[in-house]
Every structure is written in C-alpha cells, then in structure tokens.
Amino acid sequence: MTATGGTGPVDVPEQWEVAGSEERFKGRVVQVRTDRVRMPNGDTTEIAERDIVVHPGSVGVIGLDDDERVLLIRQYRHPVGRLLWEPPAGLRDVDGEPTWRTAARELAEEAGYRAREWHTLLDVFTSPGMTNERVRVFLARGLTEIPADEVDFERIHEEAGMPVAWVPLEEAVAAVRRGDLHNPLAVMGILSVYAARATGYRDLRAPDAPEG
Numbered sequence: 001m002t003a004t005g006g007t008g009p010v011d012v013p014e015q016w017e018v019a020g021s022e023e024r025f026k027g028r029v030v031q032v033r034t035d036r037v038r039m040p041n042g043d044t045t046e047i048a049e050r051d052i053v054v055h056p057g058s059v060g061v062i063g064l065d066d067d068e069r070v071l072l073i074r075q076y077r078h079p080v081g082r083l084l085w086e087p088p089a090g091l092r093d094v095d096g097e098p099t100w101r102t103a104a105r106e107l108a109e110e111a112g113y114r115a116r117e118w119h120t121l122l123d124v125f126t127s128p129g130m131t132n133e134r135v136r137v138f139l140a141r142g143l144t145e146i147p148a149d150e151v152d153f154e155r156i157h158e159e160a161g162m163p164v165a166w167v168p169l170e171e172a173v174a175a176v177r178r179g180d181l182h183n184p185l186a187v188m189g190i191l192s193v194y195a196a197r198a199t200g201y202r203d204l205r206a207p208d209a210p211e212g
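Going left to right, the sequence shown walks through residues 1 to 212 as full-length UniProt numbering numbers them.
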C-alpha cells in the first residue's frame, strides 16, 4: 500500500467499526464521549476505548499586509496559563456559513480589519489523537482597518482589550524557531505563509476549496 499520490503523501478517509459509545460530558462548546472501537489484529478483533472531544471546528486567519507583516493578536488562554500571540480565529458556529466568511467575521471582530483577497492556506486536525476539531486557516491580503463608526460589535471576556501587532514575516518565523510562539495556528500559519512566499503565492487554493 502506498501513502502517496502523484505529488506526495495524501491522508484518506477511514472508519473502523464502533461497537458502542457513551457520552461523558456536554458543555457549551464541546462534548466528550467514549467510543468502543474494534481494532483489526490479525484474524481476530479487539475492542479499545477511545475518549474523543467532539468539537464544532474552527477557522484561523493569517493577515499579511503589503509590507509582508503578519497580523497577530494577544489573547489570554486560561488552560495553559499564558498570554499567547495568535492569528484571529474562531468557532464554526453559524450553520451553513462558508468558512471564509466565518474567517472574515473573526478578522473584523478580533482585529478590526477587513481583507480584499482571500486564499485557503492549510487544513489541519489540531490534535487527532483526542479530538475531531478541524481548522481551516486562510491567508488574507489587501487589509484595511475598519473605521470606528462601522464597528457594530463589542469585545468581551478574553477578547476585551486584545492588543494587535504587525510583525515582519521573517521576525515571526524566527520567533517560531526560537520557541517564543506556541499557538498552533500561529506556528503552522506563519511557516506556511513563509513557504508560500518562496513560490510567489502561486499554489494557494481558493477560499471555497473543498475540504478533503
């Protein structure tokens, strides 16, 4: 069996039999369930329990201005006890909304910017060993600040007073390599933009590209 397509490795769908499931927790955003999965093992099968955090999915936005600076916001993340520099991001919490429109809304609400040009940058499962959370990260260019008189939302909780920084792409890459940035969307997005720049951004997908 080969793991590659014509241009490299390709992940493929696969679903092993689930003998039963039990819900352990249901919260405002996520739920936790335990699946009893039949795992192939030679001529027999065995049951293994797998705890899964069920997540609605997310989007992230790497904003890049004409001077090739990356837009980052700093947000308090209680589970890790840190202030993290991150790209604007948010939940896929509007049924039927295209993911790039969700991303545009998050860019506006969290950073106060809109973008003229959108591309799909990458698709990731954030932690596939324990959650089904799927994130699509976009590259947004042609950014302009939203005038104050057009702002029709209020930032609350961790989003209140979040600072916005414009970081030169090379400095952002160096910060990733030093281990100074920890948010996975920031790390993956910054390195992906850096790689895309090397090819003149020629191979970017459309904002509505299908998710495999």
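Don't be surprised by glycine CBs; every beta carbon is placed ideally from N, CA and C.
- Fewer than three beta-carbon pairs drawn from the region 38-57 and the region 161-172 are found closer than 8 Å, and the two stretches are therefore not classed as touching.
- Beta-bridge partners assigned by DSSP to Leu72: Ala165.
- In the DSSP assignment, Val187 falls within the alpha helix (DSSP H) that extends over Pro184 to Ala198.
- Between Ala103 and Leu71, the C-beta spacing is not below 7 Å.
- By the C-beta density criterion, Pro88 is buried, having at least 16 other C-beta atoms within 10 angstroms.
- DSSP places Pro147 outside both helix and strand once states are collapsed to three, so it counts as coil.
- Residue pairing of Ser58 in beta bridges, as defined by DSSP: Leu91 and Val135.
- Counting the other CB atoms within 10 Å of its CB gives Pro207 a total of 16 or more, which places it among the buried residues.
- Taking a contact as a CB-CB distance under 8 Å, the pair Leu121 and Ile62 counts as one, their CB atoms being some 6 Å apart.
- Collapsing the DSSP output to three states places Thr7 in coil.
- Contact check for Arg36 against Gly20 passes: the beta carbons are separated by less than 7 Å.
- Assigned with DSSP and collapsed to three states, Trp100 falls in helix.
- Assignment of Val176 by DSSP, reduced to helix, strand and coil, places it in the helix class.
- Residue Gln15 holds the alpha-carbon nearest to the alpha-carbon of Pro40 among Glu150, Gln15 and Ile190.
- Here Glu211 carries a coil assignment [DSSP, helix/strand/coil].
- The straight-line gap separating the alpha-carbon atoms of Arg82 and Arg38 is approximately 39 Å.
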